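The structure appears right after this line, and notes come after that.
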């Protein structure tokens, strides 16, 4: 039930507040998104992965760097290719 209420709140927000975001610079919106996403990255899991399996850590690191410096499709392609090579 709480998911339905949250979905309705997001819908109302999108319908009525999106026209206000039209005048907000894209850089400001990007900074907000980056600030939120940084909290989602779990560094400790990557460090644990380094101790458990070096190849999986290399796949994790290279796909992260591919997404960070090139683009999301390139990062996904790197992750998929490492996954295929490890099997």
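Numbering (the UniProt record's numbering), first residue to last: 1 to 87. The beta-carbon is built from N, C-alpha and C at its ideal position, and this holds for glycine as well. No experiment lies behind these values; they were computed from the predicted model shown.
Considering residue i, what are the terminal residues of the alpha helix (DSSP H) in which it resides?
| i | result |
| --- | --- |
| residue 18 | 2-21 |
| residue 35 | 26-38 |
Hey, would you say residue i sits closer than 9 Å to residue j, going by beta carbons?
| i | j | result |
| --- | --- | --- |
| residue 59 | residue 79 | yes |
| residue 21 | residue 29 | yes |
| residue 47 | residue 62 | no |
Within the same chain, show all residues whose beta-carbon is closer than 8 Å to that of residue i, passing over the 5 residues directly before and after it, in chain order.
| i | result |
| --- | --- |
| residue 68 | 75 |
| residue 49 | 56, 57 and 60 |
| residue 86 | 55, 56 and 59 |
Give every residue of the same chain whose Cβ lies closer than 6 Å to the Cβ of residue i, excluding the five residues on either side of it in the sequence, and list them in chain order.
| i | result |
| --- | --- |
| residue 73 | none |
Given the structure, does residue i come close to the ligand FAD, in the sense that its CB is under 8 Å from one of the ligand's heavy atoms?
| i | result |
| --- | --- |
| residue 76 | In terms of ligand content, the structure shown is empty, and the ligand FAD therefore cannot be addressed. |
Identify every run of the alpha helix (DSSP H) within the region 40-78, keeping only runs that are complete inside it and at least 4 residues long; order them along the chain. 43-52 and 54-69
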